[in-house]
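Per full-length UniProt numbering: the sequence shown = residues 1 to 362.
Don't be surprised by glycine CBs; every beta carbon is placed ideally from N, CA and C.
Shown next, in structure tokens, is the structure this report addresses.
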Amino acid sequence: MTKQDALPIGVRNVTKTYGDVHALDDVSLDVKSGEFLTLLGPSGSGKTTLLMVLAGFTRPDRGSLKFGADEVVRKPPHLRDVGMVFQNYALFPHMTVAGNVGYPLRLRRVSKPELAERVERALETVQLGGYGERCIDQLSGGQKQRVALARAIVFEPRILLMDEPLSALDKKLRDRMQIELRHLHEKLGMTTVYVTHDQREALTMSDRIAVVNFGRIMQLATPQQLYDQPENRFVADFIGDSSFLDVERTGRDIAAGGTVLKTIRPIPDANALSLMMRPERVRLLEGAAGDDVNEFAATVSEVVYQGESFLLYARLQDGTEMAVRGAIRSGSFDRLPKPGDAVRLGLDSADTVILVGEEQRP
Ligand code: ADP
Ligand code: MG
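Structural data, given as structure tokens:
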């Protein structure tokens, strides 16, 4: 397989309804040439529908879809130059591995000798060199997924679409395949749109992530931007752990949990605001807090042992709860505060993220 020119994808105002369900609600999205972009969202949020629109299996009610300069919204799937990997592999069980991988080439009437060579090359790319004559039902789940991947890339498409391709694999294999898929993408360089409901998978693999909910894109950003600066409660809740405190405004000041907040981040222009805190960014303070630290007085309500880390819950005077996560080193768990103890919690101004308050349905 050779690295070739990738194509950008432009989605404009794409809408698809099934009866009352807005599977896609006026979606616009640009995927850059050669980018690995992930659609991340809960079940039923519209991820598969959007991927099927890209592949050409679903025609949207409205909207435009461009691959490079070409409008493709009316083009049938086999003319789109798109490779696709499905969740359930969708392999032909009665064909050999080589039969499956060679299928797209036979559709394209590639000559036999060239076909054999390209099939073997694709199998080598997914680390299944020499497996051509095996039967599909002799393969493990991970190997089947590699065959499906080889079949998707064998005709060197400029766009690769994958719908939850790893969800049937066990966790260890999934972790390894995530890294492998990422390396494969770096090697082949095709524009890739990847679907998952697993936030950690999305953070691990993607150049950028589009968080999808109710058929809409809630935020499109790099993994770090999504984690550190979510734009709304949905994204903050869906990616990583977080706890929230109501924010009050008094003149120019904002306060939460009885503390006037210092933040170096933007404060949204809205009445109802909340403070988002990642548990691993909150610290148990000992001694004086620095100038750029927001300090909260609280009482420990629960301490949980989680192996590599602890999770400590503490209540502020108004009853709201904050969570603190920290690493456990030899013996350190036993020295943690206990339920009922008074503690001071610290949050750096750089980690003090203010969001629009209510959970908002678009
Ligand atoms: P996801 O892949 O994020 O789980 P889908 O794109 O499969 O979500 O579905 C989005 C919404 O559209 C869901 O409410 C689903 O039930 C509905 N939907 C998807 N495909 C069809 C279909 N062919 N007929 C009716 N409803 C559908
Ligand atoms: Mg789906």
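Helix, strand or coil for residue i, going by three-state DSSP, please let me know.
{"i": "S349", "result": "helix"}
{"i": "A202", "result": "helix"}
{"i": "K262", "result": "coil"}
{"i": "V110", "result": "coil"}
{"i": "M95", "result": "coil"}
{"i": "E321", "result": "strand"}
{"i": "M277", "result": "strand"}
{"i": "D334", "result": "helix"}
{"i": "V282", "result": "strand"}
{"i": "L316", "result": "strand"}
{"i": "T125", "result": "helix"}
{"i": "I154", "result": "It is Val, not Ile, that sits at residue 154 in the sequence shown. Reduced to three states, the DSSP call for V154 is coil."}
{"i": "A327", "result": "strand"}
{"i": "Y103", "result": "helix"}
{"i": "P362", "result": "Per-residue confidence for P362 stands at a pLDDT of 47, beneath the threshold of 50, marking its modelled position as unreliable; the derived number appears in the next sentence. Three-state DSSP puts P362 in coil, outside helix and strand."}
{"i": "E308", "result": "coil"}
{"i": "L184", "result": "helix"}
{"i": "M1", "result": "For M1, the predicted model reports a pLDDT of 46, less than 50, meaning its position is unreliable; a value from the coordinates is still stated below. M1: coil per DSSP, three-state reduction."}
{"i": "D175", "result": "helix"}
{"i": "A342", "result": "strand"}
{"i": "A148", "result": "helix"}
Cβ atoms of residue j and residue i: under 9 Å apart, would you say?
{"i": "V53", "j": "L65", "result": "yes"}
{"i": "V14", "j": "R62", "result": "yes"}
{"i": "D241", "j": "P279", "result": "yes"}
{"i": "L316", "j": "R233", "result": "no"}
{"i": "A148", "j": "A90", "result": "yes"}
{"i": "F310", "j": "L347", "result": "no"}
{"i": "A327", "j": "L312", "result": "no"}
{"i": "F86", "j": "P165", "result": "yes"}
{"i": "V126", "j": "I153", "result": "yes"}
{"i": "L336", "j": "L285", "result": "no"}
{"i": "I239", "j": "V193", "result": "no"}
{"i": "G141", "j": "A122", "result": "no"}
{"i": "T352", "j": "G257", "result": "no"}
Run through the DSSP bridge pairs and tell me what residue i is partnered with.
{"i": "I136", "result": "None, per the DSSP bridge assignment."}
{"i": "N213", "result": "R216"}
{"i": "V31", "result": "I9"}
{"i": "D163", "result": "V195"}
{"i": "N294", "result": "L347"}
{"i": "Y18", "result": "V21"}
{"i": "A270", "result": "DSSP output for A270 lists no bridge partner at all."}
{"i": "E302", "result": "Y313"}
{"i": "L115", "result": "For L115, which the question treats as bridged, DSSP gives no partner whatsoever."}
{"i": "V356", "result": "L273"}
Inside the segment 40-94 only - alpha helix (DSSP H) runs reaching at least 4 residues: 47-55
Completely contained alpha helix (DSSP H) runs for the segment 226-255, where each covers 4 or more residues: 233-238
Touch test, the segment 39-53 against the segment 207-215, Cβ-Cβ under 8 Å, three pairs minimum: yes
Sufficient close CB pairs (3 or more, under 8 Å) joining the segment 117-130 to the segment 44-52: no
The segment 341-348 contacting the segment 292-309, beta-carbon criterion three pairs below 8 Å: yes
Given 8 Å, three or more beta-carbon pairs between the segment 130-141 and the segment 95-102: yes
Inter-stretch contact at 8 Å, needing at least 3 Cβ pairs: the segment 242-257 / the segment 283-293: no
contact_flag[the segment 175-183, the segment 18-35] where n(CB pairs < 8 Å) is 3 or more: no
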